[in-house]
Amino acid sequence: MNDSIRIFDTTLRDGEQSPGCSMNLNEKLALARQLERLGVDVIEAGFPIASEGDFEAVRAIADQVRGSRICGLARTGRGDIDRAAQALAKAASPRIHTFIATSDIHLEHKLRMSREQVLAEVERAVTQARGHCDDVEFSAEDATRSDIEFLVQVFQVALGAGASTLNVPDTVGYAQPDEYARLIRTLRERLSPADDVVFSVHCHNDLGLGVANSLAAVLAGARQIECTVNGIGERAGNTSMEEAVMALKTRPDVFGGLDTNIVTTEIYPASRLLASTIGVSVQPNKAIVGDNAFAHEAGIHQDGVLKAAITYEIMTPQSIGRASNELVLGKHSGRHAFRDRLDELALALDGEAFEQAFRRFKDLADKKKTIYNEDIEAIVADSVTQSDDRYELGDLSILSGTFAKPTATVELLVDGEARRATALGIGPVDAVFKAIAELTETKIELLRFQVNAITGGMDALGEVSVTVEEGGRKVIGHGAHSDIIVASGKAYVHALNKLAWHKQRHEVAEPKGI
Ligand code: KIV
Ligand code: ZN
Numbered sequence: 024m025n026d027s028i029r030i031f032d033t034t035l036r037d038g039e040q041s042p043g044c045s046m047n048l049n050e051k052l053a054l055a056r057q058l059e060r061l062g063v064d065v066i067e068a069g070f071p072i073a074s075e076g077d078f079e080a081v082r083a084i085a086d087q088v089r090g091s092r093i094c095g096l097a098r099t100g101r102g103d104i105d106r107a108a109q110a111l112a113k114a115a116s117p118r119i120h121t122f123i124a125t126s127d128i129h130l131e132h133k134l135r136m137s138r139e140q141v142l143a144e145v146e147r148a149v150t151q152a153r154g155h156c157d158d159v160e161f162s163a164e165d166a167t168r169s170d171i172e173f174l175v176q177v178f179q180v181a182l183g184a185g186a187s188t189l190n191v192p193d194t195v196g197y198a199q200p201d202e203y204a205r206l207i208r209t210l211r212e213r214l215s216p217a218d219d220v221v222f223s224v225h226c227h228n229d230l231g232l233g234v235a236n237s238l239a240a241v242l243a244g245a246r247q248i249e250c251t252v253n254g255i256g257e258r259a260g261n262t263s264m265e266e267a268v269m270a271l272k273t274r275p276d277v278f279g280g281l282d283t284n285i286v287t288t289e290i291y292p293a294s295r296l297l298a299s300t301i302g303v304s305v306q307p308n309k310a311i312v313g314d315n316a317f318a319h320e321a322g323i324h325q326d327g328v329l330k331a332a333i334t335y336e337i338m339t340p341q342s343i344g345r346a347s348n349e350l351v352l353g354k355h356s357g358r359h360a361f362r363d364r365l366d367e368l369a370l371a372l373d374g375e376a377f378e379q380a381f382r383r384f385k386d387l388a389d390k391k392k393t394i395y396n397e398d399i400e401a402i403v404a405d406s407v408t409q410s411d412d413r414y415e416l417g418d419l420s421i422l423s424g425t426f427a428k429p430t431a432t433v434e435l436l437v438d439g440e441a442r443r444a445t446a447l448g449i450g451p452v453d454a455v456f457k458a459i460a461e462l463t464e465t466k467i468e469l470l471r472f473q474v475n476a477i478t479g480g481m482d483a484l485g486e487v488s489v490t491v492e493e494g495g496r497k498v499i500g501h502g503a504h505s506d507i508i509v510a511s512g513k514a515y516v517h518a519l520n521k522l523a524w525h526k527q528r529h530e531v532a533e534p535k536g537i
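Quick note: the sequence shown uses the working numbering, first residue 24, plus one each step.
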């Protein structure tokens with residue numbers, strides 16, 4: 024049996040499906056490059072039939088990311104598989120991942136198909152996918168609530184048609200570790216496939232057991248874990264990549280030395296890049312990547328760690344790429360130092376995006392004595408997301424206070440054309456949002472507004488996140504600036520750009536069955 028665990032990252036597909044986590048093309052490309060640096064074996068880059076945007080993202084990633092295998096998801100329909108194959112045409116190592124539900128619940132209520140029809144569909148779809156590429160993964164959606172006899176039959180057909188990865192999803196996060204391990208063991212025994220066939224696990228976290236179930240399955244012989252950075256994904260999320268990888272690394276005694284190809288020092292940069300891209304930060308006590316994951320607060324713990332880190336630390340922050348949060352750059356730092364720091368933080372920027380980020384860094388360094396890694400990440404997140412945006416915030420001025428009626432004058436570039444408006448509001452932020460709404464002729468509902476100081480101190484950069492909704496679609500926008508009113512304007516414009524991008528995406532088919 025294969026002695027390493029493949030990491031199949033589905034941040035850009037299952038992760039991106041979760042509310043508020045959608046990304047545009049440039050954001051997906053930047054994240055895919057980071058996943059490549061991280062050493063993930065397979066990047067599930069999207070669901071090409073779902074929309075033009077998904078198709079283009081898979082195509083661009085397949086074209087530009089060569090170090091990981093690139094995978095596209097497809098239902099079993101002919102159109103889905105052809106579309107996935109087209110999107111993957113330029114990939115160095117493509118994989119088509121096709122799936123159909125196998126539980127009676129799904130057959131009866133969703134697919135309205137008989138078991139015989141499902142078997143025929145699996146055979147046809149896997150054969151069609153193999154006609155396009157050698158590497159085909161088949162998933163039995165809702166496997167953990169499927170009849171085991173039928174599941175064995177389904178996987179037998181998929182194997183016979185040429186699938187080389189058999190994925191056993193716990194689609195609704197229902198399984199318990201022992202039970203899931205037993206299922207994997209039973210499937211391995213009953214199917215006894217060739218040595219190069221890999222059993223894969225894909226767990227959702229509805230009962231908080233995604234990582235536990237994935238690791239139990241590894242002990243039962245699974246050799247691919249499907250997971251996402253920061254555990255994002257449908258509902259309660261998917262198995263968290265960083266937790267699964269670090270559990271394997273930290274406990275070789277339990278996992279018999281089974282390891283992954285992950286460059287663990289790239290874990291933290293990947294987590295930060297994702298969080299700043301989607302504007303969804305991880306909870307402070309989140310294992311591995313949360314702010315407090317390596318913070319020792321209790322005196323007795325601090326004392327122990329100072330005497331010997333091993334007393335309370337089972338892994339080092341450095342092993343996951345958490346550099347110390349020291350002053351990194353200041354106003355005398357030049358282009359070279361800035362680029363070096365970007366490299367260390369795995370924040371690749373070229374050309375105009377680099378120049379723009381550098382200018383913003385210099386502006387900030389004029390106002391703020393100490394520039395931290397988090398400040399740099401915030402600047403870069405802004406620069407990466409701006410390149411294909413419809414709206415760009417220009418100048419902004421505010422009149423506010425105890426005896427003035429809050430008034431904002433905002434200049435906005437709309438498709439490159441400068442427009443200016445003045446609006447009154449309940450407060451200065453409200454006035455800015457009203458002026459922007461007037462300039463963009465949009466009516467969106469503001470659901471949430473949050474301000475954070477990115478780093479400590481009076482001169483901290485302020486980061487604003489807004490959650491807005493238009494026509495049932497929710498998006499999160501974020502912006503950072505030393506002036507929180509400007510940061511608010513940026514966050515609002517960022518959200519509007521995401522909505523505009525969604526409108527352009529031109530939905531081809533509503534994804535079903537996931
Ligand atoms: O959760 C699930 O079943 C899926 C499949 C498409 C693998 O995401
Ligand atoms: Zn899933």
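We put the CB at the ideal spot given by N, CA and C, even for glycine.
Counting along the chain, where does the beta strand (DSSP E) carrying residue i start and finish?
i, result
"phenylalanine 122", "117–124"
"isoleucine 207", "Not the beta strand (DSSP E): isoleucine 207 falls in the alpha helix (DSSP H), residues 200–214."
"tyrosine 414", "414–422"
"phenylalanine 161", "159–164"
"threonine 445", "440–447"
"alanine 97", "92–98"
"leucine 193", "Inspection of the sequence shows that residue 193 is occupied by aspartate rather than by leucine. 188–193 is the span of the beta strand (DSSP E), which, as asked, contains aspartate 193."
"glycine 280", "From DSSP, glycine 280 is part of no beta strand (DSSP E); its letter is neither H nor E."
"phenylalanine 317", "Careful: phenylalanine 317 lies outside any beta strand (DSSP E) and carries neither H nor E."
"phenylalanine 472", "468–476"
"isoleucine 72", "No beta strand (DSSP E) contains isoleucine 72, which DSSP labels as neither H nor E."
"glutamine 341", "No beta strand (DSSP E) holds glutamine 341; DSSP gives it neither H nor E."
"valine 437", "430–437"
"valine 487", "485–493"
"glutamine 247", "247–250"
Could you tell me whether the Cβ of residue i comes closer than 8 Å to any Cβ of chain C?
i, result
"isoleucine 507", "The structure shown has no chain C; it contains just one protein chain."
Would you say the beta carbon of residue i is closer than 7 Å to some non-hydrogen atom of the ligand ZN?
i, result
"histidine 359", "no"
"asparagine 261", "yes"
"threonine 194", "yes"
"glutamate 257", "yes"
Please name the residue, chosen from the options, that lies closest to residue i on a Cα-to-Cα basis.
i, options, result
"tyrosine 291", "Ser304, Ala503, Gly424", "Ser304"
"threonine 194", "Thr262, Glu139, Gly302, Ala444", "Thr262"
"serine 342", "Glu39, Leu214, Leu61", "Leu61"
"isoleucine 123", "Asp86, Arg153, Ala166", "Ala166"
"serine 91", "Val220, Ala483, Ala115, Asn236", "Ala115"
"tyrosine 414", "Ile421, Leu436, Thr430", "Leu436"
"alanine 148", "Asp105, Gln109, His504, Phe456", "Asp105"
"leucine 242", "Ala523, Val498, Asp26", "Asp26"
"cysteine 94", "Val81, Gln87, Gly100", "Val81"
"alanine 107", "Glu75, Val252, Ile467", "Glu75"
"leucine 416", "Cys156, Val177, Gly512, Arg208", "Gly512"
"tyrosine 335", "Ala318, Glu265, Arg345", "Ala318"
"phenylalanine 31", "Gly280, Glu265, Asp418", "Glu265"
"histidine 525", "Arg29, Ile28, Cys44", "Cys44"
"threonine 273", "Glu139, Ile311, Ser299, Ile301", "Ile311"
"aspartate 398", "Leu296, Leu206, Leu174, Ala152", "Leu296"
"glutamine 151", "Arg135, Phe178, Arg98, Leu35", "Arg98"
"aspartate 158", "Glu139, Val180, Ala186", "Ala186"
"asparagine 520", "Asn49, Leu35, Ile28", "Asn49"
Alpha helix (DSSP H) containing residue i: first to last residue?
i, result
"asparagine 49", "48–61"
"glycine 377", "Note on residue identity: the sequence assigns phenylalanine, not glycine, to residue 377. From DSSP, the alpha helix (DSSP H) with phenylalanine 377 extends over 374–390."
"glutamate 461", "451–463"
"glycine 154", "138–155"
"glutamine 87", "75–87"
"serine 294", "290–301"
"lysine 272", "264–273"
"glutamate 39", "First-last for glutamate 39: undefined, no H or E at that position."
"histidine 359", "358–367"
"serine 237", "233–242"
Is residue i near the ligand KIV - that is, is its Cβ less than 7 Å away from at least one heavy atom of it?
i, result
"glutamate 164", "yes"
"leucine 96", "yes"
"asparagine 190", "yes"
"phenylalanine 122", "yes"
"histidine 227", "yes"
I believe residue i touches residue j by the beta-carbon criterion, under 8 Å. Please report the beta-carbon distance rounded to the nearest angstrom.
i, j, result
"glutamate 18", "histidine 120", "This structure gives no information on residue 18, because the portion of the chain shown stretches from 24 to 537."
"leucine 271", "threonine 288", "Contact doesn't hold; Cβ gap of about 16 Å is too wide."
"serine 41", "glycine 256", "5 Å"
"proline 200", "asparagine 253", "Actually they are not in contact, since the Cβ atoms of proline 200 and asparagine 253 sit about 22 Å apart, beyond 8 Å."
"leucine 9", "threonine 125", "This structure cannot speak to residue 9, because the chain is shown only from 24 to 537."
"alanine 184", "arginine 153", "7 Å"
Within the present structure, is the beta-carbon of residue i separated from the nearest heavy atom of the ligand GDP by less than 7 Å?
i, result
"aspartate 37", "Here the bound small molecules are the ligand KIV and the ligand ZN; the ligand GDP is not part of this structure."
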